[in-house]
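Residue numbers (our numbering): 271 to 478. Built from N, CA and C at the ideal position, the CB exists for glycine as well. Down below is the structure, laid out as structure tokens.
Put into structure tokens, the structure is as follows:
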């Protein structure tokens, strides 16, 4: 008796997810454009900085917390509104978020393309390895490069305000993480597997 296994991702669900990814790609691309326009038109920007440990301790005392209750974490992230920034710094302040949004958009479009081929029954289509490489690059840029750019923008904003240095209540942190690198490497491995699968499919088609 032949048994059938239910596919993990059927044609119908693959099509639905592909449409959803296209919608996400369009929305994030639009949001990136809006951020760039705001950077060009406003004379201020918002950056994320961290309160120093001394400020955290002082804040904890001012809150008059119950005995035993303390604010955790040496550094507390806060948003800082910086007025009067020159154009270059305004664009730099928006660049991290723009890179993240564009990475999401590019990755979503590439994944949508892969899902379309899955829906059509051609998972090893020739362009799928390239699409997965695009997703890997998007993960690396959005998860690895964008936070570093945002940190550099925060440091530049503090320097503009004269608050970068010893005695400042604010600090910036390097937000680079190895996690996006590992995910990107995994995706590149999957892309290579798809490339070899496509080559095998072509060889089998040549034998028929």
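Item: Bridge-paired residues (DSSP) for residue 427; Value: Answer is none; residue 427 lacks a bridge partner.
Item: Reduced DSSP secondary structure (H/G/I, E/B, other) of residue 464; Value: helix
Item: Rounded straight-line distance, which links the Cα of residue 423 to that of residue 353; Value: 14 Å
Item: CA-to-CA distance, residue 331 to residue 454, given in whole angstroms; Value: 44 Å
Item: Proximity to residue 340 [Cα-Cα], best of 458, 349, 328; Value: 328
Item: CB of residue 298 within 8 Å of CB of residue 375, strictly; Value: yes
Item: Coil, strand or helix - residue 322 by DSSP; Value: coil
Item: Residue of 391, 398, 436, 315 minimising C-alpha distance to residue 459; Value: 398
Item: Cβ neighbours of residue 288 in the same chain (closer than 6 Å, five flanking residues each side left out); Value: 382, 385, 386
Item: Residue 271 versus residue 403 - alpha carbon distance; Value: Reliability of the predicted coordinates at residue 271 is poor, the pLDDT of 46 falling under 50, and no value is obtained from them.
Item: Residue 290 burial status per 10 Å Cβ neighbour count (16 or more: buried); Value: exposed
Item: Three CB pairs or more closer than 8 Å across the segment 388-395 and the segment 300-311; Value: no
Item: For residue 348, the residue or residues it bridges with in DSSP; Value: 319
Item: Per DSSP, cross-strand counterpart(s) of residue 440; Value: 321
Item: Contact check, residue 349 vs residue 316, beta carbons under 8 Å; Value: yes
Item: Buried/exposed call for residue 347, threshold 16 Cβ in 10 Å; Value: exposed
Item: Contacts around residue 345, its chain only, beta-carbon distance under 8 Å, and the 5 residues preceding and following it disregarded; Value: 320, 321, 322, 323, 326, 441, 443
Item: Beta-bridge partners of residue 380, as assigned by DSSP; Value: DSSP lists no partner for residue 380.
Item: Extent of the continuous alpha helix (DSSP H) run through residue 399; Value: 398-410
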